[in-house]
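All residue numbers for the sequence shown refer to this note's numbering, where the first residue is 4 and numbers rise by one.
Have a look at the structure below before the remarks.
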Amino acid sequence: MSADTPMSADPPKAVGIVWGLLVLNTLGSAGAKTIVPLPRSLIQMVTMGALVTAFALALTLNHRLRIRASAYLSLLTLLLVTSVLSSAHLESGLGALFRCARLALFVGTLWLLSRWWDSGPTFVRHHIRMYFAVLGSVAAGLVVSPGAALPDLYGGRLVGAVWPLTPPQIGQYAAVIIGLAVLLLLGGRTDRAGAAVIIVPSLVLLVLTHTRTATLGLLVGLALAIGSLLLTSAAARRFVTWAVLCAAVAAVAFSSALAEWFLRGQSEENFSSLTGRAKVWDALLAAPRSTVEQLFGVGLGDKSFGGLPIDNSWLAVYQEQGLTGVVLVAAIIIVLGGVALLRPPSLSRACAIFMISYCAIASYTEAGLGDASPYLLHLAVAASLLAAPAAADPLATPEGPRPRSARRAQRSEVI
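Okay, structure coming up:
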């Protein structure tokens, strides 16, 4: 096994299949009622089968076990070890060991894929395509059965009617691919038509989910990412100018509608308690714990406390992997963020900053940083973009004029 083997400039197309299987595994099995009832056992069999297949296929593609050194994956491996130690006491039942095995396969697959992490847009493209396909299933459910896709149970918010997806999940997927598509457009890696195909329908779905965390993460993440390009990209400066003008007009013309959308008809008490999350958090922090539980947690579980979802990555990690897990997750965010800040301005750096900042913001009201989840895939994309300096990035290194056919080919291959 080598960590210093030169990386392939052209990863096999099957790498995209592996990435798609990882995305499928992290969709989860809980959510709204679907048009065609799907037994939870069947969904779990499909998602776990996808992970096993992803690992086997990645091992076939990288049978010589050539990997790339990665601080992100090293920290994830340490988090896996912590998870096994905390789950070995079986306080969370045998399911904790099953979740550890799942996390081990997940991390192992990422290690095998690290061979092709080269700061290029390969995994950004895979990420956009796979989550856009997921959103396609959501849109299909909305068209076929609007009542099932906008149920009263969720206050009329958009859910997955084909595959069980909750509004926060849909909002997360939409926000992430919108942000990446905008950055690729600013970087000249796709044309306006290609970006619009991704951005417009995803934005509609995001609005229908009424997901505040995803919207805030999108806006703040894009602001930080585009801000990192202002000194080197005229396109980024033009985008900021138009964005500020449009935001000013929207704030004046649609202020009442925006406020209504943001509040979602909630009372002041419900809004101030973050839709009841704060009560669960207070109870979790007040619960008595032994020294071992404080350090290593009670083992991997379903990210709930007292039968209610924790909905906070940091508290979920504290509950399941203890203070040791919290330190490791914090180290992941800090290391990736620090490496991104040290990189010269480039499109790869901007995309990485967007992904890191989005995950950091979402971690306050969403769980997932301590177990196999879309958030770990988002951070894996960031790690792939930061694997090596983007010396050939078009936003970082001026290039001479290229033939039109070459520019069109580059743009059309991304989205």
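From the three backbone atoms N, C-alpha and C, an ideal C-beta is built for every residue, glycine too.
It should be emphasised that the depicted structure is a prediction, and the values quoted were computed from it without experimental measurement.
Contacts around residue i, its chain only, beta-carbon distance under 6 Å, and the 5 residues preceding and following it disregarded
i, result
"Arg105", "Ala375"
"Leu298", "Gly325, Leu326 and Thr327"
"Ser122", "Ser351, Leu388, Ala390, Ala391 and Ala393"
"Gln175", "Ala217"
"Ala99", "Ser90, Gly302 and Leu303"
"Leu188", "Ala198"
Own chain, CB closer than 7 Å to residue i, minus 5 neighbours either side, in chain order
i, result
"Glu263", "none"
"Leu108", "Leu54, Val55 and Phe58"
"Glu323", "Ser89, Gly300, Val301, Gly302, Leu303, Gly304 and Gly373"
"Ile20", "Leu60"
Nonlocal neighbours in the same chain, by C-beta distance under 8 Å from residue i, ignoring five residues either side
i, result
"Thr37", "Gly144, Ala151, Gly163, Ala164, Val165, Trp166 and Pro167"
"Ala228", "Gly182, Leu186, Ala353, Cys354, Ile356, Phe357 and Ser360"
"Leu153", "Leu145, Gly159, Arg160, Leu161, Val162 and Leu211"
"Ser148", "Ile38 and Ala164"
"Ala136", "Gly23"
"Pro204", "Leu138 and Ala142"
"Leu1", "The displayed coordinates of the chain run from 4 to 418. Any statement about residue 1 would go beyond what the structure contains."
"Ser32", "Arg43, Ile46, Gln47, Thr50 and Pro167"
"Thr169", "Ala33, Gly34, Ala35, Tyr157, Val162 and Gly163"
"Trp284", "Ile313, Asn315 and Leu318"
Endpoints, the alpha helix (DSSP H) within which residue i is located
i, result
"Tyr75", "Ala74 to Ser90"
"Asp155", "Neither: Asp155 is in no alpha helix (DSSP H) and is coded neither H nor E."
"Pro377", "Pro377 to Leu388"
"Arg241", "Ala237 to Ala256"
"Leu30", "First-last for Leu30: undefined, no H or E at that position."
"Arg215", "Arg215 to Gly230"
"Ile70", "Looking at the DSSP string, Ile70 is not in any alpha helix (DSSP H), and its letter there is neither H nor E."
"Ile364", "Leu350 to Ala365"
Cα-Cα separation, residue i to residue j
i, j, result
"Gly111", "Gly190", "32 Å"
"Trp317", "Ala289", "15 Å"
"Pro40", "Gly34", "12 Å"
"Lys282", "Gln172", "22 Å"
"Leu345", "Ala333", "18 Å"
"Leu206", "Ala178", "8 Å"
"Leu303", "Phe101", "9 Å"
"Arg71", "Ser77", "11 Å"
"Val320", "Tyr134", "25 Å"
"His213", "Ile201", "19 Å"
"Leu2", "Asp194", "Absent from the structure is residue 2, since the part of the chain shown begins at 4 and ends at 418."
"Leu62", "Val18", "11 Å"
"Leu88", "Ala239", "47 Å"
"Leu64", "Ala256", "54 Å"
"Val243", "Val384", "25 Å"
"Val223", "Val26", "24 Å"
Status (buried if at least 16 other CB within 10 Å, exposed otherwise) for residue i
i, result
"Gln47", "exposed"
"Pro42", "exposed"
"Ser258", "exposed"
"Asp314", "buried"
"Leu208", "buried"
"Phe58", "buried"
"Leu221", "buried"
"Arg241", "exposed"
"Gly373", "buried"
"Val252", "exposed"
Below-9 Å beta-carbon distance, residue i vs any chain C residue
i, result
"Leu208", "In the displayed structure, chain C is absent; only one protein chain is listed."
beta-carbon residue i near the ligand NAP non-hydrogen atom, thresh 8 Å
i, result
"Ala251", "Looking for the ligand NAP in the displayed structure turns up nothing, as the structure carries no ligands at all."
Every unbroken beta strand (DSSP E) within the stretch 179 to 203, with a cutoff of 3 residues, ordered by chain: none
Residue ranges of each alpha helix (DSSP H) within the stretch 282 to 337, 4 or longer: 294 to 299
Complete runs of the alpha helix (DSSP H) confined to the stretch 89 to 167 [at least 4 residues]: 97 to 116, 125 to 147 and 149 to 152
Runs of alpha helix (DSSP H) wholly within the stretch 35 to 63 (minimum 4 residues, chain order): For the stretch 35 to 63, not a single whole alpha helix (DSSP H) run of length 4 or above is found.
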